[in-house]
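In the numbering used here, the protein residues as written are -15 to 843.
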């Protein structure tokens, strides 16, 4: 197999060449003779009734009219907090929220949700008006001086509304990817979502970053496109504007070196670019309007960087322990406040970049800090809290906004005239009055937190649930199909160390000879344990788990990838857990089709969350939230069934098959007396964020049902991905440590919703006749007298190994071709065969998830 050896040699050397190029670029130095001034602008505090001073045409009465509050994007308002008689409230929307609010002078909050709706909600928690768009809203709005609000949506549109009435004033539509290529000669992804927040230029025009690589300048009065700034990737970073130098600063999602930009607003030309070794989703902060001031921006390589505004020279950088999604903020004395996904909030000296103080939370933080007129710091945490720190980094108070399992507070807080507003993954919008937990009423509220728990000194293996919540105590009992995920946290003198698991040292032992798959993540932060089969028989029992290993510190770092290090200590965890008994019956409680026309049960699988590795929510949190799949039963034997999966489209509280997407994949269902486990160990591809296909080598869902098959709890997800098979971006996932440097494998742990969507499904129309032809290179189904078009559903061919009953790995998404006749009716479906060693199959031809034709063949 010389060609295979050459292929591996070539792939590794491409990676090494890439490393050398990046090292050369990073190592290249130049001398700057400029004196930089990183001191802040002077600030005058305001009472709740004062007007605010903005150098843009923002609402002058609003304390928080845009994302990051002002043109410099300091995340700071001059509102001085005052205790009132107001009470906390929350409003639930239909889906998770990842966008941040803006607030007017009356305390009205304007915010979009994953349920496609933009809301205006009064200070007392009453919906004033709402507007349904055609997609998820992941963009923060903007309040202008004319009484209007503007927001972008995932449907590729920017909307202008009258703030008082909710009347739509105009709608701007972004270029499609095809139009971008045609007009600007840029190859983009297949999306044109507005995921970046809405900003403003000194002339009053709007700024709207889009996933199609364009930052639009839109005339505020008419919604007409005036201009656009070209980027080299998706832009989620809201540009900061220096109104005195007339320059624009922003980051892009490009993965290395050129992902921070400065543009001249007068000429529209790029002045400079620079960057690190990871995407910049965070928005830039300008230390001041001074020409020799700095722009602060943080990236997915885990560094906060200060660049000179005038020429892009890197003044300093500061490393955190994980990548950074949050935007920086600035205290009144200039101190930079930066949160990281490593769970720590850092205060940095603006001139040197040195750490002043740090506050550890142990949970991922993607929320950006907001700062009031007293320099109190407000931020959302990955466990559903609104956290408040004093300016010296000491704990002030916290409030448990979300009590459900989906509790990431990835949206950023906004400060209103009388309190703080924030939203989260649960779909809730929350208001907490200033210092409410410190009042007598607040102290008696069980959601108020006046003291934070502390993690024990030394090495801790902490159990996390499917949605990333830390469980500091092991559960008393688990279900027999439950997987386990443990996070390593090492504390020294109260601080969290940069420590990773020494993979070779890990040993796991289980009682009664039980076996499990143990996988340590590529970056060494967590490990997963998946039972081979079930942890116990139907009668249940006790499960003893013992985990031993060592950890390393003093690691060498390149971007976010860490090498070497010294073994600095060990960890050990030993627990005995009760495994719940389950019913001994194994008969499937679902409809199984045996001939065309029989009923077939269809499951809906969606609202995915993948908290580990931590990079996944940062790249695709809104995408995971919006994903829906249909899983239809194709065949069954005893307590097992084969499911066929396709992507679906959300419709209110339901979903329909989406024939525009090419995702096709099989899963094996196993039912054990109410324990439901779905697996694929052969591998398949799924679309990821419109950018690449994820090549899964292992996939598992585990959940529980009642006696009639209704699913009663969220499903856990465990998966392995071979990132070496991802074009281009696979290299950077490896360079940032999220896939194993040798094998390319990424270990994923998460959760999702799973439910029975349709108990008895039969398509409305069947093809009149199918003729199957097959050879070693392909299998094709000719459809006679078809009356169905491509838009009527997704057509597929599924192969099942006749000997084992396991689906064949045939790369169904990429290798399926659907043809039509001159009238547009589907007349042929072909599956190309690549490296298929099985010779005897059961062949199914499917429309959506329904198998309307079956034939056994031998090649």
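Here a beta-carbon is modelled for each residue, glycine too, at the ideal position from N, C-alpha and C.
Indicate the three-state DSSP secondary structure (helix, strand or coil) for residue 844 in the structure shown.
-> In the structure displayed, the chain extends from -15 to 843; residue 844 sits before or after that span and is not available.
Taking the DSSP output, what are the residues bridged to residue 373?
-> Sequence index remark: in the chain shown, residue 373 carries index 389 (1-based). Beta-bridge pairing links residue 373 to 361 and 379.
Does the region 782 to 794 come close enough to the region 714 to 722 that 3 or more CB-CB pairs lie under 8 Å?
-> no
Extent of the continuous alpha helix (DSSP H) to which residue 74 belongs = As a working mapping, residue 74 is identified with position 90 in the chain shown. From DSSP, residue 74 is part of no alpha helix (DSSP H) but of the beta strand (DSSP E) over 73 to 76.
Classify residue 13 as helix, strand or coil using the three-state DSSP reduction.
-> To locate residue 13, count along the chain shown from 1; it is residue 29. Reliability of the predicted coordinates at residue 13 is poor, the pLDDT of 37 falling under 50, and no value is obtained from them.
Does DSSP put residue 242 in a helix, a strand or coil?
-> One-based indexing of the chain shown puts residue 242 at position 258. In this structure, residue 242 counts as coil in the three-state DSSP scheme.
Assign residue 64 to one of three DSSP states: helix, strand, or coil.
-> Taking the chain shown and counting its residues from 1, one reaches residue 64 at position 80. Residue 64 falls in the coil class under three-state DSSP.
Using three-state DSSP, classify residue 149 as helix, strand or coil.
-> Within the chain shown, the letter at position 165 stands for residue 149. Coil, per DSSP.
May I ask you to verify whether the region 422 to 437 touches the region 630 to 640, counting CB pairs closer than 8 Å and requiring at least 3?
-> no
Span of the alpha helix (DSSP H) holding residue 902?
-> Residue 902 falls outside the range modelled here, since the chain spans only -15 to 843, and no answer is possible.
With DSSP run on the structure shown, which of helix, strand or coil describes residue 437?
-> Walking along the chain shown from the start, residue 437 turns up at place 453. Coil, per DSSP.
Cβ shell of residue 253 (< 8 Å), same chain only, five flanking positions each side left out | Numbered from its first residue, the chain shown carries residue 253 at position 269. 247.
Among 426, 55 and 185, which residue has its Cα nearest to the Cα of residue 199?
-> On the chain shown, residue 199 is found 215 positions in, with the first residue counted as 1. If we check each option's Cα against that of residue 199, 185 comes out closest.
Cβ neighbours of residue 686 in the same chain (closer than 6 Å, five flanking residues each side left out) | Position 702 of the chain shown, counted from the first residue, corresponds to residue 686. Contacts found: 465, 661 and 700.
Excluding the five sequence neighbours on either side, which residues of its own chain have a C-beta within less than 6 Å of the C-beta of residue 444, listed in chain order?
-> Taking the first residue of the chain shown as 1, we reach residue 444 at position 460. Hits under 6 Å: 473.
Would residue 265 be called buried (16 or more neighbouring beta carbons within 10 Å of its own) or exposed?
-> Here residue 265 is taken as the residue at index 281 of the chain shown, counted from 1. Under this definition residue 265 is a buried residue.
Do residue 63 and residue 47 have their C-beta atoms closer together than 8 Å?
-> The residue you call residue 63 lines up with position 79 of the chain shown. The residue you call residue 47 lines up with position 63 of the chain shown. In contact: residue 63 and residue 47 (Cβ atoms closer than 8 Å).
What do you get for residue 859, buried or exposed, if any count of 16 or more other CB atoms within 10 angstroms of its CB means buried?
-> The displayed coordinates of the chain run from -15 to 843. Any statement about residue 859 would go beyond what the structure contains.
Terminal residues of the alpha helix (DSSP H) in which residue 734 lies = Mapped onto the chain shown, residue 734 falls at position 750. No alpha helix (DSSP H) contains residue 734, which is instead part of the beta strand (DSSP E) from 729 to 745.
Would a C-beta distance cut-off of 8 Å place residue 232 and residue 193 closer than the cut-off?
-> Mapped onto the chain shown, residue 232 falls at position 248. Mapped onto the chain shown, residue 193 falls at position 209. Their beta carbons are not under 8 Å apart, which means residue 232 does not touch residue 193 by this criterion.
Taking all protein chains shown into account, do 16 or more other C-beta atoms lie within 10 angstroms of the C-beta of residue 215, making it buried, or fewer, making it exposed?
-> One-based indexing of the chain shown puts residue 215 at position 231. Buried: at least 16 other Cβ atoms inside 10 Å.
Tell me where the alpha helix (DSSP H) around residue 851 begins and ends.
-> Coverage of the chain is limited to positions -15 through 843, which leaves residue 851 absent and any answer about it impossible.
Extent of the continuous alpha helix (DSSP H) to which residue 605 belongs = For the purposes of this step, residue 605 is taken as residue 621 along the chain shown, with counting starting at 1. Segment 599 to 610, the alpha helix (DSSP H) holding residue 605.
How many whole angstroms separate the CB atoms of residue 318 and residue 22, which I take to be in contact at a CB cut-off of 8 Å?
-> Start at 1 with the first residue of the chain shown, and residue 318 comes out as number 334. Start at 1 with the first residue of the chain shown, and residue 22 comes out as number 38. Residue 318 to residue 22, Cβ: 7 Å. Contact.
Continuous alpha helix (DSSP H) stretch holding residue 425: start and end | For this step, residue 425 is matched to residue 441 along the chain shown. From DSSP, the alpha helix (DSSP H) with residue 425 extends over 424 to 427.
Taking the C-alpha atoms as reference points, what is the distance between residue 176 and residue 363?
-> As a working note, residue 176 is residue 192 in the chain shown. As a working note, residue 363 is residue 379 in the chain shown. Each residue's alpha carbon lies about 29 Å from the other.
Option in 651, 640 and 669 with minimal Cα separation from residue 846 | Outside the displayed span of the chain (-15 to 843) sits residue 846, for which this structure offers no information.
Closest to residue 703 by CA distance: which of 823, 513 and 741 is it?
-> Locating residue 703 in the chain shown gives position 719, counting from the first residue. Of 823, 513 and 741, the residue nearest in Cα terms is 513.
Taking the alpha carbon of residue 440 as the point to measure from, which residue in 83, 451 and 456 has its own alpha carbon closest?
-> Locating residue 440 in the chain shown gives position 456, where the first residue counts as 1. Considering only alpha carbons, the answer is 456.
Can you tell me the Cβ-Cβ gap for residue 596 and residue 763, rounded? I've got them flagged as a contact below 8 Å.
-> The residue labelled residue 596 in the question sits at position 612 within the chain shown. The residue labelled residue 763 in the question sits at position 779 within the chain shown. The pair is not a contact, with the Cβ atoms about 39 Å apart (cut-off 8 Å).
Which same chain residues, not among the five before or five after residue 735, have their C-beta less than 7 Å away from its C-beta?
-> Here residue 735 refers to the residue found at position 751 of the chain shown. 450, 451, 593, 698, 699, 700 and 701, listed in sequence order.
Considering residue 190, what are the terminal residues of the beta strand (DSSP E) in which it resides?
-> Taking the first residue of the chain shown as 1, we reach residue 190 at position 206. Residue 190 -> beta strand (DSSP E) spans 190 to 193.
Would you please state the rounded distance, in angstroms, between the beta carbons of residue 225 and residue 55? I believe it to be under 8 Å.
-> The sequence position of residue 225 within the chain shown is 241, counting from 1. The sequence position of residue 55 within the chain shown is 71, counting from 1. That belief holds up - the Cβ atoms of residue 225 and residue 55 are roughly 5 Å apart, short of 8 Å.
How about residue 491 and residue 532: do their beta carbons lie closer than 8 Å?
-> As a position in the chain shown, residue 491 is number 507, starting the count at 1. As a position in the chain shown, residue 532 is number 548, starting the count at 1. Their beta carbons are under 8 Å apart, which means residue 491 touches residue 532 by this criterion.
Leaving out five residues before and five after residue 260 in sequence, what residues of the same chain have Cβ atoms less than 6 Å from its Cβ?
-> To locate residue 260, count along the chain shown from 1; it is residue 276. Excluding sequence neighbours, residue 260 sits near 283, 285 and 287.
Cβ pair count under 8 Å reaching 3, the region 549 to 568 against the region 415 to 423 | no
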